[in-house]
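To start, the structure under review is shown below, and the notes come after it.
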Amino acid sequence: MIRSIPVTLAGRSYEVVVGPGLIDRAGERIAPLLKTRRTAIVTDSNVGEHHGERLSVSLERAGVAVDVITVPAGEESKSFAGLADLSDRLLDLRLDRGDVIVAFGGGVVGDLAGFAAAIYKRGIDFIQVPTSLLAQVDSSVGGKTAIDTPRGKNLIGAFHQPKLVLADLDVLCTLPAREMACGYAEVIKYGMLGDADFFAWLEANCAAVLERDISALAHAVGRSVEMKAEIVAEDETEQGRRALLNLGHTFGHALEAETGYGEALKHGEAVAAGCGLAFRLSAFLGLCDPADAARVERALKAAGLPAGMADAPGHPFNADRLIHHMGQDKKAQGGALTFILARRIGDAFTAKGVDPDALRQFLITEGAAS
Numbered sequence: 478m479i480r481s482i483p484v485t486l487a488g489r490s491y492e493v494v495v496g497p498g499l500i501d502r503a504g505e506r507i508a509p510l511l512k513t514r515r516t517a518i519v520t521d522s523n524v525g526e527h528h529g530e531r532l533s534v535s536l537e538r539a540g541v542a543v544d545v546i547t548v549p550a551g552e553e554s555k556s557f558a559g560l561a562d563l564s565d566r567l568l569d570l571r572l573d574r575g576d577v578i579v580a581f582g583g584g585v586v587g588d589l590a591g592f593a594a595a596i597y598k599r600g601i602d603f604i605q606v607p608t609s610l611l612a613q614v615d616s617s618v619g620g621k622t623a624i625d626t627p628r629g630k631n632l633i634g635a636f637h638q639p640k641l642v643l644a645d646l647d648v649l650c651t652l653p654a655r656e657m658a659c660g661y662a663e664v665i666k667y668g669m670l671g672d673a674d675f676f677a678w679l680e681a682n683c684a685a686v687l688e689r690d691i692s693a694l695a696h697a698v699g700r701s702v703e704m705k706a707e708i709v710a711e712d713e714t715e716q717g718r719r720a721l722l723n724l725g726h727t728f729g730h731a732l733e734a735e736t737g738y739g740e741a742l743k744h745g746e747a748v749a750a751g752c753g754l755a756f757r758l759s760a761f762l763g764l765c766d767p768a769d770a771a772r773v774e775r776a777l778k779a780a781g782l783p784a785g786m787a788d789a790p791g792h793p794f795n796a797d798r799l800i801h802h803m804g805q806d807k808k809a810q811g812g813a814l815t816f817i818l819a820r821r822i823g824d825a826f827t828a829k830g831v832d833p834d835a836l837r838q839f840l841i842t843e844g845a846a847s
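Okay, here's the thing in structure tokens:
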């Protein structure tokens with residue numbers, strides 16, 4: 478059930494390996510890629526406790542020296558302070574440019590360690606070993622690395638591709654149900670933006686994926702990675718089609734900003750709410766059949782995910798404050814609002830210059846305060 482999916486980039490191609498049992502065999506896959514036989518594993522306190530020893534043992538068995546750096550679990554580590562602390566600790570280890578950083582954790586660890594790798598001594602190789610469903614299907618693939626700032630998520634970062642991604646499906650068995658649902662939001666997003674058949678498969682197999690049926694997980698993760706790999710190969714630095722992967726994110730990031738980027742509304746939950754809003758805005762603007770928007774809402778709620786503002790903590794939100802956050806979005810150009818909208822399930826597109834007055838009216842119909 479092991480599957481290798483190539484991410485094809487000129488001179489920097491790599492494999493995303495999906496399947497069970499990969500952590501225990503990580504050393505034999507990682508060692509051949511190393512210029513030296515030294516790695517620094519960056520993990521968080523939760524992942525390190527549950528799985529850290531297995532990864533270290535696997536690397537050491539393959540003759541690779543290992544140092545481990547543990548950062549606090551949670552989004553707060555993905556900050557200027559967290560980056561400075563990690564950089565200092567890497568410098569303390571005296572890593573050189575022939576060594577490799579292994580990002581071992583969820584999206585926070587992957588983003589933080591990847592960005593540190595991008596800037597450490599002007600660039601050092603790194604490998605992703607994602608341990609959450611969300612990271613396996615999204616943030617570990619494609620080379621986006623970043624930290625958050627008080628002005629918004631992921632505004633400071635770099636494109637820095639990994640040398641390898643190992644997505645071990647077994648590790649998802651220890652993931653809390655809420656984290657599985659957050660990852661599922663990114664999985665179903667792929668169906669919404671570009672594969673109506675995959676969306677229909679997920680409608681039928683949602684419970685199996687969330688219950689960690691290994692066959693269902695293998696298909697869900699494999700198809701998601703396959704779609705992302707294809708898009709990244711076509712548009713590495715998000716100048717065109719890759720922007721479609723941000724479906725739901727403009728709304729979602731605004732909701733996260735309003736709720737403080739914390740546990741009240743996790744990133745995957747915000748993306749789910751944002752996807753529901755994106756389809757309903759598409760219907761509101763006459764671009765999409767309302768029946769598709771309703772179908773998206775049902776699919777999200779079937780997974781226990783929010784499908785709009787009314788399902789998010791902090792509701793009712795202020796329409797003008799949400800629009801202000803959306804203006805800070807990375808896709809905004811010249812102050813014009815840009816959204817990923819949809820013509821139908823499986824057919825998303827980039828909509829530039831969305832009318833702020835129409836957006837405000839839509840948000841008010843969704844229950845936002847005027």
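Okay, so the sequence shown: first residue is 478 according to the numbering used here, each after it adds one. Glycine residues also receive a C-beta, built at the ideal position from the N, C-alpha and C atoms. Remember, it's a predicted structure, so these values are computed and weren't measured experimentally.
- Between the alpha carbons of GLU733 and PRO607 lies a gap of roughly 22 Å.
- For THR516, the beta-bridge partners assigned by DSSP are VAL543 and VAL577.
- Judged by pairs of C-beta atoms under 8 Å, the stretch 529 to 536 touches the stretch 486 to 506, as three or more such pairs exist.
- VAL618 is the residue among LEU632, VAL618 and THR626 whose C-alpha sits nearest the C-alpha of LEU641.
- Annotated three-state conformation of TYR661 is helix, per DSSP.
- Using a Cβ-Cβ distance cut-off of 8 Å, the stretch 666 to 680 and the stretch 698 to 708 are in contact, since at least three pairs of beta carbons, one from each stretch, lie closer than that value.
- A distance of 9 Å or more separates the beta carbons of VAL585 and SER564.
- DSSP, read as helix, strand or coil, puts ALA784 in coil.
- By the CB criterion at 9 Å, GLU735 and PHE756 fall outside the cutoff.
- Unbroken beta strand (DSSP E) runs of no fewer than 3 residues, entirely contained in the stretch 684 to 747, are not found.
- Assignment of beta-bridge partners to ALA776 by DSSP yields no partner.
- For LEU567, the three-state secondary structure derived from DSSP is helix.
- HIS744 and CYS659 have their C-alpha atoms spaced approximately 7 Å apart.
- 9 Å or more divides the Cβ of THR622 from the Cβ of ASP576.
- Per the coordinates, the alpha-carbon of PHE794 lies some 28 Å from the alpha-carbon of GLY668.
- Closest in C-alpha terms to LEU646, from the list LYS598, ASP788, GLY559 and HIS528, comes HIS528.
- A distance of 9 Å or more separates the beta carbons of VAL579 and ILE596.
- Its chain contains SER490, GLU492 and ALA706 as the residues whose beta carbon lies nearer than 7 Å to that of PRO483, once the 5 sequence neighbours on both sides are disregarded; these appear in chain order.
- Straight across, the Cα-Cα distance linking SER759 with THR513 is about 52 Å.
- Secondary structure at GLN838: helix, using DSSP grouped into helix, strand and coil.
- Cβ neighbours of SER481 within its own chain (closer than 6 Å, five residues either side excluded): GLU492 and VAL494.
- Around the Cβ of PHE557, a 10 Å sphere holds fewer than 16 other Cβ atoms; the residue is exposed.
- Rounded to the nearest whole angstrom, the C-alpha separation of LEU670 and ASP824 is 5 Å.
- For SER616, same chain residues with a beta-carbon under 7 Å away, outside a window of 5 residues either side, are GLY584, GLY587 and ASP588 in chain order.
- In terms of Cβ geometry, LEU652 and SER692 do not form a close pair [threshold 9 Å].
- HIS802 places its beta carbon less than 9 Å from that of GLY629.
- The Cβ atoms of GLY725 and GLY763 lie no closer than 9 Å to each other.
- Rounded to the nearest whole angstrom, the CA to CA distance from GLY737 to ALA749 is 17 Å.
- Ranked by how close their Cα comes to the Cα of GLY804, the residues ALA779, GLY729 and GLY620 have GLY729 in first place.
- With respect to MET786, LEU754 sits close: the two C-beta atoms are nearer than 9 Å.
- In this structure, ILE817 is the residue among ILE817, MET704, HIS696 and TYR661 with its C-alpha nearest to the C-alpha of THR727.
- With 16 or more other Cβ atoms inside 10 Å of its own Cβ, ASP769 counts as buried.
- The beta carbon of ALA796 sits closer than 7 Å to those of ARG837, LEU840, ILE841, ALA845, ALA846 and SER847, all from its chain and outside the five residues before and after it, given in chain order.
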